[in-house]
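Participant: The structure follows.
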Amino acid sequence: MKTSIATVSLSGTLGEKLEAIANAKFDAVEIFENDLVTYNGTPADVRKACAELGLGIVTLQPFRDFEGMPLGPRERVFARAERKFDTLQELGCDLLMICSNVSPDSLGGIDRAAADLSELGERAARRGLRIAFEALAWGRHINDYRDAWEAVRRADHPAVGLVLDSFHILARKTDLGAMRAIPGDRIFLVQLADAPFLEMDYLSWSRHFRNFPGQGDLPVLDFMAALSATGYDGALSLEIFNDQFRAGSARSVAVDGHRSLRFLADQLSTRIGGLPTGMPALPPRARPVGVSFIEFAADDHDAPRLESLFAGLGFRRAGQHHSKAVTRWCQGDINLVVNREKEGFAHSFNVVHGAAVCALGLGVENAAMAFQRATLLLDQPFRQAVAPGELDIPAVRGVGGSLVYLLDRSSELGRVWEIEFSDTGETGNEAGLTTVDHVSQSMQYEEMLTWLLFYTSLLDVAKVPPQEVADPGGLVRSQVVESADGALRIVLNGSQSARTQSSRFLSELFGSGVQHIAFATDDLLKTVARLEANGVRLLPIPDNYYDDLAAKTDLSMEQIAALQEHNILYDRDGDTEYLQVYTEAFDQRFFFEIVERRGYRGYGAANAPVRLAAQATATTAALP
Ligand code: MG
Ligand code: MG
Numbered sequence: 001m002k003t004s005i006a007t008v009s010l011s012g013t014l015g016e017k018l019e020a021i022a023n024a025k026f027d028a029v030e031i032f033e034n035d036l037v038t039y040n041g042t043p044a045d046v047r048k049a050c051a052e053l054g055l056g057i058v059t060l061q062p063f064r065d066f067e068g069m070p071l072g073p074r075e076r077v078f079a080r081a082e083r084k085f086d087t088l089q090e091l092g093c094d095l096l097m098i099c100s101n102v103s104p105d106s107l108g109g110i111d112r113a114a115a116d117l118s119e120l121g122e123r124a125a126r127r128g129l130r131i132a133f134e135a136l137a138w139g140r141h142i143n144d145y146r147d148a149w150e151a152v153r154r155a156d157h158p159a160v161g162l163v164l165d166s167f168h169i170l171a172r173k174t175d176l177g178a179m180r181a182i183p184g185d186r187i188f189l190v191q192l193a194d195a196p197f198l199e200m201d202y203l204s205w206s207r208h209f210r211n212f213p214g215q216g217d218l219p220v221l222d223f224m225a226a227l228s229a230t231g232y233d234g235a236l237s238l239e240i241f242n243d244q245f246r247a248g249s250a251r252s253v254a255v256d257g258h259r260s261l262r263f264l265a266d267q268l269s270t271r272i273g274g275l276p277t278g279m280p281a282l283p284p285r286a287r288p289v290g291v292s293f294i295e296f297a298a299d300d301h302d303a304p305r306l307e308s309l310f311a312g313l314g315f316r317r318a319g320q321h322h323s324k325a326v327t328r329w330c331q332g333d334i335n336l337v338v339n340r341e342k343e344g345f346a347h348s349f350n351v352v353h354g355a356a357v358c359a360l361g362l363g364v365e366n367a368a369m370a371f372q373r374a375t376l377l378l379d380q381p382f383r384q385a386v387a388p389g390e391l392d393i394p395a396v397r398g399v400g401g402s403l404v405y406l407l408d409r410s411s412e413l414g415r416v417w418e419i420e421f422s423d424t425g426e427t428g429n430e431a432g433l434t435t436v437d438h439v440s441q442s443m444q445y446e447e448m449l450t451w452l453l454f455y456t457s458l459l460d461v462a463k464v465p466p467q468e469v470a471d472p473g474g475l476v477r478s479q480v481v482e483s484a485d486g487a488l489r490i491v492l493n494g495s496q497s498a499r500t501q502s503s504r505f506l507s508e509l510f511g512s513g514v515q516h517i518a519f520a521t522d523d524l525l526k527t528v529a530r531l532e533a534n535g536v537r538l539l540p541i542p543d544n545y546y547d548d549l550a551a552k553t554d555l556s557m558e559q560i561a562a563l564q565e566h567n568i569l570y571d572r573d574g575d576t577e578y579l580q581v582y583t584e585a586f587d588q589r590f591f592f593e594i595v596e597r598r599g600y601r602g603y604g605a606a607n608a609p610v611r612l613a614a615q616a617t618a619t620t621a622a623l624p
């Protein structure tokens with residue numbers, strides 16, 4: 001089974017697109033007509049460029065408004081097709097993709113469509129070419145793959161085959177049962193796309209919101225399961241029209257595309273017990289067991305201030321690295337690492353970003369297998385020189401060039417603190433923090449689907465329906481990925497407005513990264529009392545919030561007064577409750593949250609606008 005992607009999916013010139021596609025290890029491309037028209041060279045040049053990059057060309061597309069035309073226009077359409085065949089031959093490609101007619105001039109009737117396909121198939125065959133027919137979801141007469149198949153079947157010509165496009169089929173919720181009965185050798189091309197559930201016309205939905213399998217809400221896996229019953233073994237080609245992708249980096253979007261195909265094949269093999277040919281078998285998704293550590297890169301000026309904030313939060317300086325300027329801060333099961341080395345990854349990260357989280361250490365059941373899976377999913381491995389007495393912790397690149405380390409307890413990695421650090425024996429002002437509840441990462445809006453796919457393909461985590469949160473500077477989109485048991489929760493935030501907290505963070509940090517870390521406690525009131533005693537400054541919450549809370553909930557006046565006194569936010573879902581406080585931001589860069597979950601599963605979305613407004617106020621107050 002060949003992997004392919006349509007050039008329309010990516011940004012850039014045709015040359016840039018082809019390079020990005022080859023770099024992402026695809027076998028082939030679909031040449032989108034517009035890319036050819038705007039290309040500064042002949043189709044033969046494109047053929048040469050593809051050959052040099054080792055890319056096959058699966059099809060030229062689309063050929064529009066072909067079938068069922070009345071007599072005069074019909075002749076012109078066939079003449080147009082002959083010219084396309086010329087181009088096809090120059091391209092060195094043998095398949096022209098035809099999508100169903102949307103012209104108001106077209107006449108319906110399966111037999112008429114079949115006759116046109118048959119005649120064009122005959123003309124194609126004379127040149128050693130083939131044609132493939134696709135039902136657009138908004139086709140005038142043919143908008144259902146079952147009708148397209150019937151037209152192809154009745155055309156009864158070996159050079160005429162079917163295109164199945166997951167978007168057109170799944171968007172209309174067409175029954176997949178009939179697909180299983182189509183002979184695989186009559187399917188000439190399969191195009192894959194996912195999309196979020198949206199209430200809009202098919203055309204706008206398709207042209208702007210398609211995304212890679214796994215990034216949207218369509219049952220692409222059901223489509224693949226039905227397809228596998230046909231015996232089809234041709235190209236799986238991604239055909240994605242998406243505004244974000246066309247604004248994004250062609251290289252990274254192409255890698256995402258190939259990652260999505262490998263992940264899809266992996267899910268299919270779990271579902272039906274067989275892997276499409278040519279697709280690598282992956283170790284299973286890594287089950288997260290928690291956040292093992294969070295590493296901050298800081299210079300000599302910032303590190304002491306950061307460490308005094310940690311001390312205020314109740315962490316103790318538990319360990320000192322044997323050979324490096326790296327300290328370990330502990331509380332409960334939480335490990336924070338401060339790296340102030342003058343060389344190596346953390347240092348370069350610090351030079352670019354300033355004081356920031358440069359790495360997340362994720363605990364998984366088997367780090368070596370997780371790393372192998374990551375590599376096979378085309379995640380970017382990271383290596384740096386390992387000194388004697390240090391562990392080689394497997395790592396891949398994460399958000400904003402940061403690292404994701406993979407650790408487990410079953411190998412030596414589980415003893416990293418013993419092996420690399422000496423115990424200081426120091427104590428601290430414990431504040432009752434137990435674990436990392438969630439980590440929130442801010443990123444460019446265009447990157448959100450990239451990191452959604454990164455986490456969900458590598459780890460056994462699921463996505464939660466995204467939320468739009470009101471920030472005083474605009475809307476922030478928030479996408480959670482979490483493991484079923486809550487051992488790992490990551491919140492991805494992105495905004496199209498430059499004035500939101502999320503976007504300001506990107507400019508402060510010179511890139512995407514961790515904007516806040518939430519720690520869990522079993523008793524927030526007690527924890528907050530400790531923090532206040534330790535001199536930690538919490539984000540002030542306006543009094544109006546508590547008036548509103550009194551009106552919205554049945555909390556007693558005493559309970560509300562206690563929350564208000566300590567700037568605690570409160571949310572309820574059924575019988576479950578959530579309490580949260582935020583620290584003031586460290587240099588307007590990142591901040592900490594402390595939460596108490598009383599059975600509550602969410603993230604306090606109802607409180608997010610209040611928090612964002614309070615932070616906007618605090619930011620303005622802090623400006624010189
Ligand atoms: Mg298509
Ligand atoms: Mg939070």
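Residues in the sequence shown are numbered from 1 upward in steps of one, following the numbering used here. Don't be surprised by glycine CBs; every beta carbon is placed ideally from N, CA and C.
(1) Hey, is the region 586-596 in contact with the region 340-357, meaning 3+ C-beta pairs nearer than 8 Å?
(2) Anyone know if the C-beta pair for E596 and T500 falls short of 8 Å?
(3) How about G314 and G428: do their beta carbons lie closer than 8 Å?
(4) Give me the residue from A298, T327, F310, R316 with the minimum Cα distance to S348.
(5) Going by CA-CA distance only, name the one from R207, D111, H141 that's closest to S103.
(6) Should G177 go down as buried or exposed, given a rule of 16 or more other Cβ atoms within 10 Å for buried?
(7) Just list the beta strand (DSSP E) runs in the region 338-419, keeping only unbroken ones of 3 residues or longer that don't cross its boundaries, in chain order.
(8) For ligand 2, enumerate in chain order all residues having a CB closer than 5 Å to any of its heavy atoms.
(9) Check whether the Cβ atoms of T59 and L95 lie closer than 8 Å to each other.
(10) Is E33 close to ligand 1? I mean its beta-carbon at under 7 Å from any heavy atom of the ligand.
(11) I need the boundaries of the beta strand (DSSP E) containing F212, first residue and last residue.
(12) State buried or exposed for G670, treating a residue as buried only when at least 16 other CB atoms are found within 10 Å of its CB.
(13) What residues in its chain sit with their C-beta under 6 Å from that of A374, if we drop five residues either side in the sequence?
(14) In this structure, does DSSP put C99 in helix, strand or coil?
(15) Out of G312, H258, M224, R316, state which residue places its alpha-carbon closest to the alpha-carbon of I272.
(16) Within the region 213-254, note down every full beta strand (DSSP E) run reaching 3 residues or more, in order along the chain.
(17) Any chance the region 539-553 sits against the region 567-586, with 3 or more Cβ pairs inside 8 Å?
(18) Is H438 helix, strand or coil when you go by DSSP?
(19) For A585, which residues from the same chain have a beta carbon less than 6 Å from its beta carbon, with the 5 sequence-adjacent residues on both sides left out?
(20) Hey, could you find the ends of the alpha helix (DSSP H) C330 is sitting in?
(21) Check P62 in the structure and name its three-state DSSP category.
(22) Just checking E67 against ligand 1 - is the residue's beta carbon closer than 7 Å to any of the ligand's heavy atoms?
(23) Considering only the beta carbon of each residue, do D189 and A132 sit closer than 8 Å?
(24) For G398, which of S442, A431, A171, E365 has the nearest alpha-carbon?
(25) Could you tell me which residues DSSP pairs with K463 in its beta bridges?
(26) From the DSSP secondary-structure annotation, give me the bridge partner or partners of G494.
(27) Under the criterion of a Cβ to heavy atom distance below 7 Å, does D165 qualify as lining ligand 1?
(28) Could you give the DSSP three-state label for V289: helix, strand or coil?
(29) Identify the continuous alpha helix (DSSP H) that holds I5 and give its terminal residues.
(30) Just checking my contact of S502 with V480 at CB under 8 Å: how many whole Å lie between their CB atoms?
(31) Can the beta-carbon of Q191 be found less than 8 Å from the beta-carbon of S237?
(32) Enumerate in chain order the residues of its own chain whose CB-to-CB distance from A518 is below 6 Å, with the five nearest sequence positions on each side excluded.
(33) Would you check whether ligand 1 has a heavy atom nearer than 7 Å to the C-beta of E75?
(34) Looking at the structure shown, is S422 part of a helix, part of a strand, or coil, going by DSSP?
(35) Report buried or exposed for Q384, applying the criterion of at least 16 other Cβ atoms within 10 angstroms of its Cβ.
(36) Can you tell me which of Y202, D523, R262, F85 puts its alpha carbon nearest to the alpha carbon of L3?
Facilitator: If we stick to the structure as given:
(1) yes
(2) no
(3) yes
(4) A298
(5) H141
(6) exposed
(7) 356-364, 395-397, 403-407
(8) A518, E593
(9) yes
(10) no
(11) It is not in any beta strand (DSSP E) - F212 carries neither H nor E in the DSSP assignment.
(12) Because the chain in this structure spans residues 1 to 624, residue 670 falls outside the shown range and cannot be described.
(13) V396, L458
(14) strand
(15) M224
(16) 236-238
(17) yes
(18) strand
(19) F591
(20) Careful: C330 lies outside any alpha helix (DSSP H), inside the beta strand (DSSP E) at 326-331.
(21) strand
(22) no
(23) First, the residue type needs correcting, since residue 189 is Leu and not Asp in the sequence shown. Cβ atoms of L189 and A132: closer than 8 Å.
(24) S442
(25) V481
(26) M443, R477
(27) yes
(28) strand
(29) Taken as a continuous stretch (DSSP letters only), I5 belongs to no alpha helix (DSSP H), being part of the beta strand (DSSP E) at 3-6.
(30) At roughly 15 Å, the Cβ-Cβ gap does not stay under 8 Å, so S502 and V480 are not in contact.
(31) yes
(32) D437, H438, E593, V595
(33) no
(34) strand
(35) exposed
(36) Inspection of the sequence shows that residue 3 is occupied by Thr rather than by Leu. Measuring from the Cα of T3, the nearest candidate turns out to be R262.
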